[in-house]
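Student: Below you will find the structure I want to go over with you.
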Amino acid sequence: MHGILALPALDMSRTTDSEQRTRCRTRALHHQQSGLAIFQGRLTQPEPSARLEAIFAFSCILIIITFATPGVDNENPSINGVLDVIRLYRGPKVMASKSWQLISTSDISPLLGEWKGPTEFSFPHHLRVHFDNLNLKLEDEDDNQAWTVLIECIARSIKPHQETEFKAIGTWPALMSNTFFDRLQALQGQALVILAQFNFVLRRFRFLWWLDGWDSILLQTVDQCLTEADKQRFNWSVSEMQRLLDFVDTPPTTGMEAK
């Protein structure tokens with residue numbers, strides 16, 4: 001319940017009214033901290049199945065809360081803050097793998113499991129050229145797996161005239177290997193460039209209030225972390241990335257439009 005109450009408070013705290021913003025922000029923080037305290041206590045105890053679903057749901061809500069916080073605080077996170085968001089996806093992944101039979105039949109199951117649409121996909125010419133020009137070396141298994149999963153998430157996010165699969169937002173952060181995540185933490189150039197391509201997913205879903213602005217946050221954060229040598233090696237260009245992000249900026253179909 002605390003997680004559910006924190007979300008509307010965060011949404012309302014984006015108002016321009018400073019007094020209301022402070023009040024809603026304080027309320028959201030209270031519910032976040034209260035829910036987190038209960039959540040952390042439950043993680044150390046064996047839980048009956050009825051509670052496990054609620055714990056899993058809160059772990060997902062916690063990701064949304066963390067995404068939403070920069071928009072409320074008006075402060076962009078550092079690379080460590082960005083990676084903290086990605087790290088949060090690891091918890092639901094572990095929980096789902098241990099209790100898949102229960103979670104797969106819950107109301108959250110549409111965000112998990114197999115994709116709904118066909119597995120074949122293609123990219124517009126502009127994006128194909130961009131991906132080729134990155135000069136990625138994908139012989140390594142972990143880098144290759146991270147890139148393969150991300151490419152499918154991007155393709156399913158930007159495909160026009162098709163109902164959105166919201167699991168594209170979390171699939172890549174959850175499925176990247178621990179080794180690849182370690183490379184992100186070590187600020188390895190190729191891993192950071194791959195991370196930057198996640199912007200295409202974030203931009204496509206920025207109609208969700210808690211993701212609004214995150215494509216810009218991630219783009220600028222990666223740009224600040226890349227060395228000049230890596231920028232040359234991978235043909236890195238903020239302006240080119242921004243142009244391509246604008247190119248895919250048509251809001252997708254959600255399946256909830258008026259018929």
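For the sequence shown, position 177 matches number 177 in UniProt numbering, and the numbering has no gaps at all.
For every residue, glycine included, the Cβ atom is placed at its ideal position computed from N, Cα and C.
Keep in mind the model is a prediction, meaning the values are calculated, not measured.
Can you check which of these residues, R23, D182, F67, is closest to I217 by C-alpha distance?
Tutor: F67
Student: Drop a sphere of 10 angstroms on the beta-carbon of R243, count the other beta-carbons inside from all chains shown, and report buried for 16 or more, exposed for fewer.
Tutor: exposed
Student: Let's test the definition: count the other Cβ atoms within 10 Å of the Cβ of H130 and tell me whether it reaches 16, buried, or not, exposed.
Tutor: buried
Student: Quick one: using the 10 Å Cβ neighbour count with 16 as the cut-off for buried, is D84 buried or exposed?
Tutor: exposed
Student: For R204, collect the residues of the same chain with a Cβ closer than 7 Å to its Cβ; drop the 5 residues on either side in sequence, then sort them by chain order.
Tutor: The residues are S157, I158, V248, P252.
Student: Output the distance between the C-alpha atoms of L245 and I63, rounded to the nearest integer angstrom.
Tutor: 23 Å
Student: Counting only runs that start and end within the segment 135 to 184, where is the alpha helix (DSSP H) found for 4 or more residues in a row?
Tutor: 141 to 158, 168 to 175
Student: Answer yes or no: the CB of D182 versus the heavy atoms of the ligand NAD, is any distance below 7 Å?
Tutor: In terms of ligand content, the structure shown is empty, and the ligand NAD therefore cannot be addressed.
Student: Report all residues from its chain with a CB closer than 8 Å to the CB of T149; omit the five preceding and five following residues, and keep chain order.
Tutor: According to the sequence as given, residue 149 is Val; it is not Thr. Cβ neighbours of V149 beyond the five flanking positions: T171, W172, L175, M176.
Student: Any chance the segment 187 to 196 sits against the segment 223 to 234, with 3 or more Cβ pairs inside 8 Å?
Tutor: Taking a cut-off of 8 Å for Cβ pairs, the segment 187 to 196 and the segment 223 to 234 touch, as three or more such pairs fall below it.
Student: Assign F207 to buried or exposed, taking buried as 16 or more other Cβ atoms, counted over all protein chains shown, within 10 Å of its Cβ.
Tutor: With fewer than 16 Cβ atoms within 10 Å of its Cβ, F207 is classed as exposed.
Student: Using the Cβ count rule (16 or more neighbours within 10 Å means buried), how would you classify R183?
Tutor: buried
Student: What three-state label does DSSP hand V248 in the structure shown?
Tutor: coil
Student: Please classify S239: is it buried, with 16 or more other beta-carbons within 10 angstroms of its beta-carbon, or exposed?
Tutor: exposed
Student: How far does the alpha helix (DSSP H) with T221 in it extend, from its first residue to its last?
Tutor: Run containing T221: 214 to 225, per the alpha helix (DSSP H) assignment.
Student: Secondary structure at residue 261, three-state DSSP: helix, strand or coil?
Tutor: No answer is possible for residue 261: it lies beyond the span of the chain, which begins at 1 and ends at 259.
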